[in-house]
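The structure appears below as structure tokens.
Chains as they are written, first to last, in our numbering: chain P, 8 to 395; chain G, 2 to 306; chain A, 33 to 448.
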């Protein structure tokens, strides 16, 4: 293995983790679940993007954003705008006063598509917007805050406030945004019906591939020199600053990357679920996404995906059988993860693996002569628990 | 503004000034407890809103008792005291069981207290039901006070304002005139030194946290005069309280007062000239922008981390 | 048998049978007895129908912020289903309920709708409450060809072959009420205030057009408060400055309580101010407190205090099942109609298949509804009356006005 692939795959252990995850996502779940349940998994996996972005941002960067829903939502809205315009062709909207524009615009006396909707008539521009708009927004927020050394709890609260502002704005400007209902009734993408059974499978696999790709990119980032700097910044920011690095630039960069990843999740969410609404942007969803990462282990990219899957499965199961208990469980989960398992599932696995020297056995099996480099993500630094 | 007589504009000016003051006292009551806790130990208590709901539910229970025993005119003062005690005791226990293990990890405290808030919400829902409940208010808290024919000053607003003054003065006296306050201030300034001269800083933390929660309880009791109480009531107030504390600059009671005043007046005036929801957005945005320029808040204590 | 004569026959037979049945809502039952009711005949689309039972779904929020409002609907639907089962069920089959929790979360509604339709194969669903939840679930119902009975009064602008709307659409609720208050109070100036989301905004848009174009009045202010906002001081001052003849309000949820409490505290009680609201039912009054509402008006199609035999029976049965303290609001009553309408439609169609049921229901007249006579129109909405209730301190309303039957018009010309 050359250096780059080894970095991407995260060494032997990382490779095993990735293979197992892929097997679960691409083989076990599609075989074991009916389409309805698989659709749910697909939805959970879009949250996993946000959880992964939080591992990068919070676990490695030490920056807790309580507003990742902003970027998930922006990505989702960009995609939803494109799909809505396509769904609002003059024929299917002929009952409206002005046919050819989205239904909610018609109800709000708009007679033409507002300027910022115009680019979303093109899929290429839409995809560009999904990638650029949230990252740009993150850049503005990040620039303003990190350049002035806002961090820690302040940053968390301000991102939370921005999430609230954005929600109120979207709800308030319903002629342009669909208001509290969101953008609904999305049907086709370039004529391809996204609601068909076959397209649901296709979207599920595309989503899975994107997620695996995201993990590879994140691994590349955290094993690079930049990743080392992130950890150093998280633990001793002043020292890094005194070593001559511009700390704020690194923070802005990682914040933008995290926003980008969340936005991809949001866009995939819209495609799979078929609508987007402000209820994914606000305070509650944003903070719930943090718990996905925390349950999986804030230092583990793969763990974050398991975290998102488990917590959401738990929610669906419980809400079908004991809806009353769900909040207790969710609340308890927050407390327990913070107090007793600060490294989440990945931490537990690590403990278990060490105990039985699993890692060693694995190494022997996959031995290729070169001693495997310890996987950065499966080996949290000593300070992980105490300082984040 | 045109087409109205000077007298009308004058009246509105008075009433608008009052509603600004009334919002100010609401914000102040909400934020004071949070500010004390944040200033003391750098902990943001996400369950702060639920402690307010706790106070409100206590008041509602008292009001139901009062109705049963025909004491509606007198119970309110006792309800406030009870709300304080209940929230204080629960806060004390929470500090003991949860918060003290997390002092070195402020971001984790954020998550843990959020979990706590979910649990408390479900406890409220299981105990009191999902429907919102209201306290039966004594007659002297209803209606309005009319200095002139055209001016109405809501009595519940005056009451909340009075309560805010009492609580604030109480807190200031506690902080600056009592032995406990001395210890609290010493701990804030230099925890290690404070410990070295024999202050039990852990106990100071615990009492401060409980006190902050107790004040939240009082705030909750006061809010029963303005709005109803439901399991998720607390979450309505939480962002507002955070913004007041952060905007005022942590670690400073005076900063919190000034920030509550500024935010309340801005929001009240903006909501008068813009629409209600846009006024709120404009206020929040202004705060966020100012915070970006002046991240330590308006009245930061002169401390370096 | 021609359609009319069959209906007449059903009516007569229904009237004869009525006395012996629990609610007397069984018209059409006997026509089905004659037809082929084997499972193969009544279920050609693989629904969850056996020889003994038929599965239906109830999909409301039992948890989360909307649980407060939706609980009443769940109770009403369960009551209606229990009564239908006590009468022998539908086409000889007992109704089995699969209840799912939407958890006040819109995608969950879509998800659970899919579960009910795809995994459980229910014959129909009674559910959704907020427009947002309905909008989220609607594409699923259309895609999977399910059937939904939706109980809430709502903003209109929608008509789906898969949905029956048992509440009023906006023009039914708004126009007659405004006409009444304009005439009764000689109102010229109006102040519109609502929570900031689609239903109040659309309603206010219709109200404004009606006031300006048909009543010759003026709107002196239009205001929206963020959902959950509890500070109305500035808004109330604006109202005081404008001195409108009528405040027209559509504030919802927790904000509603704060709004009325603060309105009263600011001296704007019913002695000094006329207020007509379209968002307060008996359910809301519980939270707001009757003393804060006394003398204000609500425009609804149903009030618990309605005096007719159907309603008295309904209220008694409801309280028997759900406790003497329970109150019944407009939506709760509309939710109660859902199972009865579905029963009638299935029996008219002689089948559970969604297309046949949906085709059979328009034109059906339900005379035993607690609100009185209603008719299912071709646009899947109900013709119904509008009532204006004046609130009393005890949380009940005196009905002071009752309109003629109003045709539903979800896409009102001239109001868009």
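Beta carbons: idealized from backbone N, C-alpha and C, even for Gly.
Item	Value
Hey, could you find the ends of the alpha helix (DSSP H) residue 213/P is sitting in?	204-230
Across the stretch 118-131 of chain P and the stretch 221-230 of chain P, are there enough close Cβ pairs to call them in contact, namely three or more that are closer than 8 Å?	no
Mind checking residue 42/G: buried by the 16 CB within 10 Å criterion, or exposed?	buried
Assuming residue 192/G is part of the alpha helix (DSSP H), what are its boundary residues?	192-197
Just the Cα atoms here: how many angstroms apart are residue 355/P and residue 334/P?	24 Å
On the CB-based measure, 16 or more other CB atoms within 10 Å of its CB, does residue 265/P come out buried or exposed?	buried
Between the alpha carbons of residue 10/G and residue 241/G, how many angstroms are there, rounded?	30 Å
Have a look at residue 393/A and residue 109/A and give me their C-alpha separation to the nearest angstrom.	18 Å
Return the Cβ separation of residue 122/A and residue 86/A in integer angstroms, given the expectation that the two are a contact with Cβ distance under 8 Å.	6 Å
Have a look at residue 291/A and residue 57/G and give me their C-alpha separation to the nearest angstrom.	18 Å
Between residue 67/P and residue 234/P, how many whole angstroms is the CB-CB distance? I'm expecting something under 8 Å.	7 Å
Report yes if the CB atom of residue 374/A is closer than 7 Å to the CB atom of residue 82/A, and no otherwise.	no
Grab the span of the beta strand (DSSP E) containing residue 159/A for me, first residue to last.	157-159
Since residue 275/A is in the alpha helix (DSSP H), which residue starts that stretch and which ends it?	That residue, residue 275/A, is in no alpha helix (DSSP H); it is neither H nor E in DSSP.
Give the residues of chain P in contact with residue 170/A, contact being defined as C-beta atoms less than 9 Å apart.	191, 192
Can you round the beta-carbon distance between residue 314/P and residue 352/P to whole angstroms, since I take them to be within the 8 Å contact cut?	6 Å
Going by DSSP, what residue range makes up the beta strand (DSSP E) through residue 421/A?	419-423
Strictly under 7 Å for the Cβ-Cβ distance: is residue 165/A near chain G by that measure?	no
Where residue 191/A and residue 142/A are concerned, what is the direct C-alpha to C-alpha distance, given to the nearest angstrom?	18 Å
How is residue 146/G classed by DSSP in three states: helix, strand or coil?	strand
Just the C-alpha distance for residue 233/A and residue 146/P, rounded to the nearest angstrom, thanks.	34 Å
How many Å lie between residue 232/G and residue 321/A at the Cα?	18 Å
Alpha carbon to alpha carbon, how far is residue 19/A from residue 183/A?	The structure shown does not extend to residue 19/A, since chain A spans only 33 to 448, so no value can be given for it.
Let me know if residue 181/P comes out buried or exposed under the rule of 16 or more other beta-carbons within 10 Å of its beta-carbon.	buried
Report the residue ranges of all alpha helix (DSSP H) runs contained in full by the stretch 283-342 of chain A; include only those spanning at least 4 residues, in chain order.	285-297, 314-320, 322-325
Which residues does DSSP list as the beta-bridge partners of residue 415/A?	407/A
Beta-carbon within less than 8 Å of residue 96/G's beta-carbon, same chain only, minus the 5 sequence neighbours each way: which residues are those?	206, 207, 210, 211
Leaving out five residues before and five after residue 215/P in sequence, what residues of the same chain have Cβ atoms less than 7 Å from its Cβ?	32, 33, 52
Taking one C-beta from the stretch 50-64 of chain P and one from the stretch 154-168 of chain P each time, how about it: are there three or more such pairs within less than 8 Å?	no
Against chain A, does residue 164/G count as a neighbour if the rule is that its beta carbon must be under 7 Å from one of theirs?	no
Going by the beta-carbon positions, is the gap between residue 48/G and residue 345/P smaller than 7 Å?	no
Short of 8 Å in beta carbon distance, which residues of its chain neighbour residue 338/P, apart from the five on each side in sequence? Order them along the chain.	none
Considering only their Cβ atoms, is the gap separating residue 37/G from residue 213/G smaller than 7 Å?	yes
Quick check on residue 79/P: does DSSP put it in helix, strand or coil?	helix
To which residues of the same chain is residue 149/A closer than 6 Å at the C-beta, ignoring the five residues directly before and after it?	176, 178
So is residue 50/P buried or exposed if we call it buried at 16+ other beta carbons inside 10 Å?	buried
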